[in-house]
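Taking this note's numbering, the leading residue of the sequence shown gets 69, the next gets one more, and so forth. One structure is given below, encoded as C-alpha cells.
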Amino acid sequence: MSIQTLLVLSLFFVASYASVNDFCVADLSQSDTPSGYPCKDQKKLTEKDFVYSGLGVAGNTSNLIKAAVTPAFTAQFPAVNGLGLSLARLDLAAGGVIPMHTHPGGSEVLVVISGTICAGFISSANTVYFKTLNKGDIMVFPQGLLHFQINSGKGQAFAYVSFSSPSPGLQITDFALFANDLPTELVAATTFLDAATIKKLKGVLGGTN
Ligand SMILES: *[C@@H]1O[C@H](CO)[C@@H](O)[C@H](O)[C@H]1NC(C)=O
C-alpha cells in the first residue's frame with residue numbers, strides 16, 4: 069500500500085468517524101441510559117433541533133416559593149444530549165426563594181441578569197459560602213452540594229444558570245423530606261424534628277403519613 073493510499077484511507081476514516089460523533093440529539097421516544105439517550109436519526113435533523121426558545125419567557129412565580137426554574141435540560145432541549153452541558157432560567161419575584169436543593173448530576177454556574185440574589189452553598193465539610201450577587205455577578209455551585217438562591221432585592225430577579233451535565237437533576241431538600249409518604253415517625257427519627265413541625269410541612273408541601 070502506498071503512502072498516498074494510506075493517507076487517503078486515514079483521512080476518510082477521520083472524516084467518517086467525526087461525522088458520526090459530532091453530536092447525538094436525544095431520541096426522547098427511547099429510554100435514557102447512564103451515557104445519555106440514543107441518538108435521533110441524523111438524516112432527520114434540521115437547524116430546529118439545535119435551537120430552543122423556551123428560556124425567552126419568564127416562568128410563573130405565582131407559587132409557594134415565588135420563584136420558577138425553567139430548564140433546558142435534555143428533556144426540553146434534546147440537542148444537549150451527550151454534550152455535557154445545559155442551561156436553565158431562574159425567575160424570582162419579590163420575596164422569592166429557590167429552596168435548598170442539589171443537582172446530583174452536575175456543577176452549576178449562575179449569572180445574574182437583573183435584580184439582587186443572595187446565593188450560597190454548603191460544602192461536604194459543612195462550611196457555608198454565601199454572597200449577595202448583583203447584575204453581571206457569577207457564582208459556582210459544585211456538583212452535588214446543597215445550595216440556594218434568595219431574591220434579596222425589592223423587585224424581580226432574573227438569572228441564567230448553566231450546568232456541566234445535560235441532565236443535572238434537581239432535588240429540593242424540603243420536598244424530599246416532606247412532600248412524600250415517608251411516615252412522620254421515620255422523618256422525625258432521621259431529622260430530629262418534632263412530629264408537629266413535620267405534619268405542618270407535609271401539609272404545606274403535599275406529603276402524607
Ligand atoms: C400562574 O400560576 C397560577 C397558579 O398556578 C395560575 O393561577 C396562573 O393562571 C398562572 N399564570 C399564568 C400567566 O400562566
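Just so you know, even glycine gets a beta-carbon here, dropped at the ideal spot from N, CA and C.
Using a threshold of 7 angstroms, is the CB atom of residue i nearer than that to any non-hydrogen atom of ligand 1?
i	result
residue 230	no
residue 130	yes
Apart from the five residues on each side of it in sequence, which residues of its chain come closer than 7 angstroms, Cβ to Cβ, to residue i?
i	result
residue 107	92, 93 and 95
residue 200	184, 186 and 220
residue 228	155, 157, 179 and 181
residue 202	180 and 184
Does DSSP classify residue i as helix, strand or coil?
i	result
residue 117	helix
residue 155	strand
residue 131	coil
residue 110	helix
residue 150	coil
residue 189	strand
residue 125	coil
residue 89	helix
residue 256	helix
residue 264	helix
residue 170	strand
residue 271	helix
residue 245	helix
residue 203	coil
residue 250	coil
residue 136	strand
residue 197	strand
residue 141	coil
Which partner residues does residue i have in the DSSP bridge list?
i	result
residue 225	160
Go ahead and label residue i buried or exposed: buried means 16 or more other beta carbons lie within 10 angstroms of its beta carbon, across all protein chains shown.
i	result
residue 125	exposed
residue 185	buried
residue 217	buried
residue 149	buried
residue 181	exposed
residue 85	Note on residue 85: pLDDT 48, under 50, position unreliable in the model; no value is reported.
residue 130	exposed
residue 196	exposed
residue 231	buried
residue 257	exposed
Which same chain residues end up closer than 6 angstroms to residue i when comparing Cβ atoms and leaving out the 5 residues on each side of it in sequence?
i	result
residue 120	140 and 145
residue 110	none
residue 208	177
residue 246	269, 270, 273 and 275
residue 163	134
residue 244	none
residue 236	171, 173 and 174
residue 142	94, 148, 149, 234 and 235
Spatial neighbours of residue i within its chain, please: C-beta separation below 8 angstroms, excluding the five flanking residues on both sides.
i	result
residue 252	263, 266, 267, 270 and 277
residue 204	179 and 180
residue 165	133, 134, 135, 216, 217, 218 and 219
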